[in-house]
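A.B. asks: Using UniProt numbering, the first residue of the sequence shown is number 1, and each one after it goes up by one.
By construction, the Cβ of each residue, glycine as well, lies at the ideal position given by its N, Cα and C atoms.
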Amino acid sequence: MDRLPKSKLLRPELGPQNISVTLQCLSQPRLPARLIQTSAHRHCPQIYSMNISGTLNAFRLIREPTLCLPQHTVSTFNQLPIPLSNAFARRDGESGSKKVDIQAVVLDKDNCFAVPHSNEIHKPLQDHFQRLRTAYPGSKLLIVSNTAGTDSDKNQKEAALLEANTGVKVLRHSTKKPGCKEEVMAYFKAHPDSGVTSANQIAIVGDRLSTDIMMANMMGSYGVWVRDGVTGRGFLARMEDRLQSFLFRRGYKAPDPATHNQFE
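1) Using CA atoms only, rank isn't needed, just tell me which of M214, A159, E183, M219 is closest to I62.
2) Is it buried or exposed for N111, if we count other Cβ within 10 angstroms and need 16 for buried?
3) Classify L171 as helix, strand or coil using the three-state DSSP reduction.
4) With a threshold of 6 Å on Cβ separation, who are the neighbours of K177 within its own chain once the five nearest residues in sequence on each side are excluded?
5) Rank D127, Q201, R227 by C-alpha distance to the C-alpha of T259 and give the top, closest one.
6) Just how far apart, CA to CA, sit L67 and S139?
7) What are the partner residues of T73, as DSSP defines its beta bridges?
8) Please determine, among D151, A190, A164, P192, the residue with the shortest C-alpha to C-alpha distance to T175.
9) Assess, as a yes-or-no matter, whether the segment 158-168 is touched by the segment 214-231 under the definition of 3 or more beta carbon pairs within less than 8 Å.
10) May I ask which residues mark the beginning and end of the alpha helix (DSSP H) holding residue 266?
11) Which value, in whole angstroms, describes the spacing of the CA atoms of F248 and A135?
12) Have a look at the DSSP bridge pairing and note the partners of V196.
13) How about V106 and L142: do their beta carbons lie closer than 8 Å?
14) For T119, which residues of its own chain have a beta-carbon under 8 Å away from its beta-carbon, when the five flanking residues on both sides are left out?
15) In whole angstroms, what separates the C-alpha of D228 from that of G195?
16) Nearest by alpha-carbon distance to G234: which of Y187, A254, P116, E183 is it?
17) In its own chain, which residues sit with a C-beta less than 6 Å from the C-beta of K169, not counting the 5 before and 5 after it?
18) What residues are listed by DSSP as bridge partners for A104?
19) Could you give the distance in angstroms between the alpha-carbon of M239 and the alpha-carbon of R208?
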């Protein structure tokens, strides 16, 4: 029997399916369904804190790989256009070309505007963060983190500290991104002063394609990918970059938020 060359054994060809599954298999171990229960939180908090939502939703990328593609990309938080509407191409409507109407912004925390595992704005980003707060005051700006504000945040101490340091509301959510889209939309429905009447009036900003951007596309919102983050890209982020480059080269495009409306 002929043997495969060593290079083929060590470096298999990566298609979008292999890459998407690899991303989540590397990021989180697979868990039996019986562990996804309240008892896991009580007896095994280290298991409960894992991103089960990310693992389960990763399999959607096999069927819908464009869910991880952003509508806009910036290198760092300081490059975010303000207002965020300026990041997206004008749309053709019945009355001619019109601007994308971004009423509210959802921000990731770790490696977006903060050093991972810290609960304060990274100093070089503070001025731009305040400009964003001015453009999107009150309930128009929301932080959704997979650490602060989750059930693994004991007594919500991190969320409270982050709110004190930023002046921005931190969403309390039981499911981690990308699976907390219903909780995000419920927040804006409960705050009509945000001006949001449709999911495509929300921009979601984050450094992870498989959580932040995937959630944006699952909601029917606009995703802004902060490619290089605060501390640079880790291994998984580089793998995600490789995947999106692969898809864009083959003619795939990010989903059109105008075709979705999760508020109806």
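C.D. replies: On the basis of the data shown:
1) Sequence index remark: in the sequence shown, residue 62 carries index 62 (1-based). Checked all of M214, A159, E183, M219; the closest Cα to I62 is M214.
2) Residue mapping note: residue 111 aligns to position 111 of the sequence shown, counting from 1. It is buried - the Cβ of N111 has at least 16 other Cβ atoms within 10 Å.
3) Here residue 171 refers to the residue found at position 171 when the sequence shown is read from its first residue. Here L171 sits in coil by DSSP.
4) Taking the first residue of the sequence shown as 1, we reach residue 177 at position 177. For K177, where only same-chain residues beyond five positions count, the Cβ hits under 6 Å are N146, T211, M215.
5) As a first step, residue 259 is located in the sequence shown; it is residue number 259 there, counting from the start. Ranking D127, Q201, R227 by Cα distance to T259 puts Q201 first.
6) As a position in the sequence shown, residue 67 is number 67, starting the count at 1. As a position in the sequence shown, residue 139 is number 139, starting the count at 1. Their backbone Cα atoms lie some 26 Å apart in a straight line.
7) In the sequence shown, the residue the question calls residue 73 occupies position 73. For T73, which the question treats as bridged, DSSP gives the partners W225.
8) For the purposes of this step, residue 175 is identified with residue 175 of the sequence shown, where counting begins at 1. Ranking the options by Cα distance to T175, first place goes to D151.
9) no
10) An answer regarding residue 266 cannot be provided, because it is not within the stretch 1 to 264 covered by the chain.
11) As a position in the sequence shown, residue 248 is number 248, starting the count at 1. As a position in the sequence shown, residue 135 is number 135, starting the count at 1. Each residue's Cα considered, the two are about 32 Å apart.
12) On the sequence shown, residue 196 is found 196 positions in, with the first residue counted as 1. Note: V196 sits in no beta bridge, so no partner.
13) As a first step, residue 106 must be located in the sequence shown, where it is residue number 106. As a first step, residue 142 must be located in the sequence shown, where it is residue number 142. Yes; because the gap between Cβ atoms is below 8 Å, this pair is in contact.
14) Position 119 of the sequence shown, counting from 1, holds the residue named residue 119. This sequence places Asn at residue 119; Thr is not what is there. These residues qualify, in order along the chain: K109, A148, E158, L161, L162, N165.
15) To locate residue 228, count along the sequence shown from 1; it is residue 228. To locate residue 195, count along the sequence shown from 1; it is residue 195. Cα to Cα, D228 sits roughly 31 Å from G195.
16) Locating residue 234 in the sequence shown gives position 234, counting from the first residue. Measuring from the Cα of G234, the nearest candidate turns out to be P116.
17) Position 169 of the sequence shown, counted from the start, is the residue given in the question as residue 169. So the list reads L142, once near-sequence residues are dropped.
18) Working through the sequence shown from its first residue, we reach residue 104 at position 104. Paired residues: I202.
19) Locating residue 239 in the sequence shown gives position 239, where the first residue counts as 1. Locating residue 208 in the sequence shown gives position 208, where the first residue counts as 1. M239 and R208: Cα-Cα distance of roughly 11 Å.
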